[in-house]
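Under the numbering used here, the letters of the sequence shown match residues 21 to 231, in that order.
Where is the CB? At the ideal position from N, CA and C, for every residue including glycine.
It should be emphasised that the depicted structure is a prediction, and the values quoted were computed from it without experimental measurement.
Below: one structure, written as structure tokens.
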Amino acid sequence: MCETGPLGPVVFCAVVPVAGTQSGVVRADTGRRPYAVAPSEAHRRGRRPLLKRRPDMTLINRRTVLALSALALATTHTLAADERGSKDEAIALTNAAIEHIKKVGAEKAYKDFTTDKATWSKKDLYVMVYDSKAVALAHGGNEKLVGKDMSAVKDANGVPIVTGLIGVAAKGGGWLDYDWPDPLTKKLMAKSTYARKQPNGEGFVGVGIYR
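Encoded structure:
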């Protein structure tokens, strides 16, 4: 069916579209489709144009946590199975570390806790010290952690470890329970760390045991 267009003597005819063609409306005087717009290459091939993706911050954060956790696991202890520290020993070592800070000053004490294994590493126990921002100041298990921000580290169940210990110490001291791979067995085990505030009132001094 054909009719005169509204803007003048231009005749439009409706035709039945066939496979592989576009609209069935053509101009009778020219044989062209009115107001035709050329499809993009992506549309002609039935694909959507590619969009620029934003970085996945969740994935980036997860990778950061994994990297820090791997670093934390690289402890220097190689012990026999019966060389496990007890809760009482962990508390005693924590208290001794706090007294050592008071006696010799923080800077020397941090160095001693990190490097003097004979004095400050008992069985599988060692001293760690963190400031209020979760940055390691001393670490008898892994010297490479000193200076690292460990605020993002959590256990497999999502328990924040260092920030959790800061909170425990701020409430007067005590224990934090979490799961952590044991450097001795290489298996995920229950661990408890005893923490108290540093003498300056910041962060904590702590010693952990595997249960």
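Which partner residues does residue i have in the DSSP bridge list?
| i | result |
| --- | --- |
| Met170 | Note: Met170 sits in no beta bridge, so no partner. |
| Arg216 | Val225 |
| Val149 | Ala158 and Val225 |
| Asp199 | Ala210 |
| Tyr130 | Paired residue(s): none; Tyr130 is not in a bridge. |
| Lys142 | Leu145 |
| Gly232 | Not covered by the structure: residue 232. The range shown for the chain is 21 to 231. |
So the candidates are the options; which of them puts its Cα closest to the Cα of residue i?
| i | options | result |
| --- | --- | --- |
| Ala112 | Gly226, Arg231 and Tyr230 | Gly226 |
| Ile186 | Gly223, Thr213, Lys168 and Asn162 | Gly223 |
| Lys128 | Met209, Leu157 and Ala176 | Leu157 |
| Ala210 | Ala172, Lys123 and Asn177 | Asn177 |
| Lys131 | Leu165, Gly105 and Leu208 | Leu165 |
| Ala110 | Ile121, Lys122, Lys143 and Gly125 | Lys143 |
Which residues in the same chain have their Cβ closer than 7 Å to the Cβ of residue i, if we skip the five residues on either side of it in sequence?
| i | result |
| --- | --- |
| Tyr180 | According to the sequence provided, residue 180 is Pro. The question's Tyr does not apply to it. These residues qualify, in order along the chain: Lys174. |
| Thr114 | Tyr214, Arg216, Val225, Gly226 and Val227 |
Taking just the CA atoms, how far does residue j sit from residue i?
| i | j | result |
| --- | --- | --- |
| Asp199 | Val147 | 19 Å |
| Val182 | Ala116 | 21 Å |
| Leu145 | Gly228 | 6 Å |
| Lys153 | Thr205 | 31 Å |
| Gly192 | Lys217 | 7 Å |
| Pro219 | Phe133 | 15 Å |
| Asp202 | Met170 | 18 Å |
| Arg104 | Arg231 | 9 Å |
| Asp151 | Leu208 | 27 Å |
| Gly167 | Ala126 | 15 Å |
| Asn162 | Gly221 | 24 Å |
| Ala172 | Asp197 | 17 Å |
| Ile118 | Val124 | 10 Å |
Identify, in the order they occur along the chain, each residue of the same chain with its Cβ nearer than 6 Å to the Cβ of residue i, setting aside the five sequence neighbours on each side.
| i | result |
| --- | --- |
| Ala215 | Leu185, Val188, Ala189, Phe224 and Gly226 |
| Trp195 | Ser212 and Tyr214 |
| His120 | Ala129 |
| Thr41 | Reliability fails at Thr41, whose pLDDT of 44 lies under 50, so the model's placement of it is uncertain and the value that follows must be treated cautiously. No residues qualify anywhere along the chain. |
| Ser106 | none |
| Val155 | Asp169 |
Enumerate in chain order the residues of its own chain whose CB-to-CB distance from residue i is below 8 Å, with the five nearest sequence positions on each side excluded.
| i | result |
| --- | --- |
| Gly160 | Phe133, Thr134, Lys137, Trp140, Ser141, Tyr146, Val147 and Met148 |
| Lys122 | Pro219 |
Tell me whether residue i counts as near the ligand ADP, meaning its Cβ is closer than 7 Å to at least one heavy atom of that ligand.
| i | result |
| --- | --- |
| Ala154 | Looking for the ligand ADP in the displayed structure turns up nothing, as the structure carries no ligands at all. |
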